Amino acid sequence: MQIVCKFLPMSTLAVKVVLDTRRALVKNQDSLAPTYPIKLRVTFARKQRYYPLEVAGVSIEDWEKIQLGQRMSKTQREVFHTVRETEGRAIEITESIHPFSFHAFDARWKNKAVSSVSGKSFQGIFNEYIDDLRRGGRASTTSSYQCALNSLLSFSKNLAWNDLTPEFLEEYEAHMRSEGKSQNTIGIYLRSLRAVINYGIANGLFAKEYYPFGRKSHGKYQIPAAQNKKRALMKPEVEAIKALAVKPGSRKELARDFWLFSYYANGCNIKDIVHLKWRDIDWKEGVIQFVRKKTERANKANQVQITAVINPHITEVIHRRGIENPAPNKYVFDIIQDGQSAEQQHKHTQEFVRRINIGLKQIAKELGISKSLTTYTARHSHAYALLMGGASLEVIMDQFKHSSMKTTMSYIDSID
C-alpha cells in the first residue's frame, strides 16, 4: 500500500508525495510499529522515479494524522510542513520544464540553488542571463543580447520553453528576413538564443534531448552561415584618404584621423583605441602595446596582446587628439572617462564610432569610393596591404593574432 498525500494531474505527468510501504525501515521489534520512508514519486510516460524526503520514516498511523493535518505532535507537524514545502517545490519545477524529462527534473531537484528560478518564464531566464552579462561589465555583449531578446519578443510575445523547436526557429528566421535583417544579424541573434538555451539545459530548465540546434540533415535547426565578405581599400584609395584636404576640427578630419590610426596600428579596433592608456605607449621603443578588450577577461594565456609600430601619422593623431598632462593610467583620448560604468563607456564608444562612420561616408562620397567605408574597413585594408606587400600568411597570422592558420586563410579569402 502507498498512501498518497498530494496528486497533481499534468497531462501524462503525475507528482505525488507517498508513504512508500514496499519496504519497512523498522519492523515489529520491541513493540515498535513499522515505519516507512516518505518519498516524492514522479510519474511520466508510464515510468516512475522516487525521490526520498529528508525526514525520518513514519508509521502508517502517523502518516494518516499527517495527511489530515490535525492533532499532530511536534514531530508530525514538522514532517507535515516538510511535505508541503516539498510538494510546492516539485510542482514549481515540473511546471517550469517544457518539454518535461526526468533528466531535467533530476538536475533541478538535486540543485536547490537552481530552484529559485523555477517559476520564471523563458523571457525571465533570458533577462536573467542579460543581467549576469551586465553585472560582469560586458556592456557590448549585453546590448547585443538585449537586441536579440527584443527581436524575439517582436515575433512571439509569450514565448515558452516548449515553443523552442526547429520549426519555430525556421519561422523566426523567416520573420527576421521579412524585416530586412542581414544574414550577420540573424546569426548573431540566433547564437544569443542558443547560448540562453544552453544555459537552460545546464540548469535543468530544458531537456537536452529536445535541443533544437544542429544539422538540418538530423532534423534540427541550423544557424545560417554569415555572409561576411570583407571589403578592403586598394592602396590608391588609402593614399587618397591621406591626401584629402579637410577642415581642421571637422567631422571628416576626425574620421580620417582615427581611420588611418586604425589602419596603421595593425587594423586596431576602435574600441581598443578608445581604451588606450598612456602606459600603453612606449615612445622609447616606438611601439604601442595593449591587450585587446575582447580578450581581457580571459586567463592570461588566452589574452591577445597587440603590438603596433608608431609611425608619423599615429604620432600626429596622438599629439592632436590626446589629452593634455597625460598620466600613465589615464586614457589617451577624451572619449571615455575613469569612473564610468561599462554601459556608459559602451554608449560613448558607440556614439564615437557613429560620428566616425558619418565622416567616413562623407569622405567616400567626396573621393568617389563606391565601397562601404567604415571603421571596420581599416582592419581589412591593412590585411590586404600586407598581403599585396608580399607578407607571408605566418606574418599576417601573427599581426592579427589568429588562433590558427586556418583562421587566417579563411579571413584572407573573405576579403574582397
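Everything in the sequence shown is counted per our numbering, starting at 47 for the first residue and increasing by one. Backbone N, C-alpha and C define an ideal beta-carbon position, used for all residues, glycine too. Keep in mind the model is a prediction, meaning the values are calculated, not measured.
Could you give the distance in angstroms between the alpha-carbon of residue i and the alpha-carbon of residue j?
{"i": "residue 419", "j": "residue 410", "result": "6 Å"}
{"i": "residue 283", "j": "residue 434", "result": "14 Å"}
{"i": "residue 445", "j": "residue 453", "result": "13 Å"}
{"i": "residue 149", "j": "residue 89", "result": "13 Å"}
{"i": "residue 428", "j": "residue 279", "result": "9 Å"}
{"i": "residue 377", "j": "residue 199", "result": "39 Å"}
{"i": "residue 441", "j": "residue 422", "result": "20 Å"}
{"i": "residue 218", "j": "residue 185", "result": "26 Å"}
{"i": "residue 249", "j": "residue 179", "result": "17 Å"}
{"i": "residue 63", "j": "residue 265", "result": "38 Å"}
{"i": "residue 146", "j": "residue 216", "result": "23 Å"}
{"i": "residue 400", "j": "residue 301", "result": "10 Å"}
{"i": "residue 93", "j": "residue 102", "result": "26 Å"}
{"i": "residue 307", "j": "residue 363", "result": "7 Å"}
Any idea what DSSP makes of residue i, helix, strand or coil?
{"i": "residue 384", "result": "coil"}
{"i": "residue 183", "result": "coil"}
{"i": "residue 64", "result": "strand"}
{"i": "residue 94", "result": "strand"}
{"i": "residue 268", "result": "coil"}
{"i": "residue 252", "result": "coil"}
{"i": "residue 134", "result": "helix"}
{"i": "residue 87", "result": "strand"}
{"i": "residue 104", "result": "strand"}
{"i": "residue 115", "result": "coil"}
{"i": "residue 442", "result": "helix"}
{"i": "residue 218", "result": "helix"}
{"i": "residue 368", "result": "strand"}
{"i": "residue 289", "result": "helix"}
{"i": "residue 396", "result": "helix"}
{"i": "residue 160", "result": "Residue confidence for residue 160 is low, a pLDDT of 41 falling below 50, so the modelled location carries little weight; the figure read from the coordinates is stated next. If DSSP states are grouped into helix, strand and coil, residue 160 belongs with the helices."}
{"i": "residue 320", "result": "helix"}
Compute the beta-carbon to beta-carbon distance between residue i and residue j, rounded to the nearest angstrom, for a pair I have assumed lies under 8 Å.
{"i": "residue 107", "j": "residue 70", "result": "Contact doesn't hold; Cβ gap of about 13 Å is too wide."}
{"i": "residue 304", "j": "residue 319", "result": "7 Å"}
{"i": "residue 229", "j": "residue 258", "result": "Actually they are not in contact, since the Cβ atoms of residue 229 and residue 258 sit about 20 Å apart, beyond 8 Å."}
{"i": "residue 168", "j": "residue 205", "result": "5 Å"}
Leaving out five residues on either side along the sequence, give the residues of the same chain with a beta carbon under 7 Å from the beta carbon of residue i.
{"i": "residue 311", "result": "334, 354 and 360"}
{"i": "residue 155", "result": "97 and 139"}
{"i": "residue 277", "result": "417, 418, 423, 426 and 462"}
{"i": "residue 197", "result": "222 and 235"}
Ordered along the chain, which non-local residues of its own chain (more than five positions away) have a Cβ less than 6 Å from that of residue i?
{"i": "residue 337", "result": "349 and 351"}
{"i": "residue 415", "result": "283"}
{"i": "residue 357", "result": "310"}
Less than 8 Å between C-beta atoms, sequence neighbours within five positions excluded: which residues of the same chain meet that for residue i?
{"i": "residue 373", "result": "324"}
With three or more beta-carbon pairs closer than 8 Å as the criterion, would you say the region 226-246 touches the region 285-300?
With a cut-off of 8 Å, the region 285-300 and the region 226-246 do not count as touching, because too few Cβ pairs lie within range.
Take every Cβ of the region 251-269, pair it with every Cβ of the region 180-192, and state whether three or more of those distances are shorter than 8 Å.
Result no; under three Cβ-Cβ pairs closer than 8 Å.
Indicate whether the contact test is met: 3 or more Cβ pairs, each with one atom in the region 125-133 and one in the region 213-226, closer than 8 Å.
The region 125-133 is not in contact with the region 213-226.
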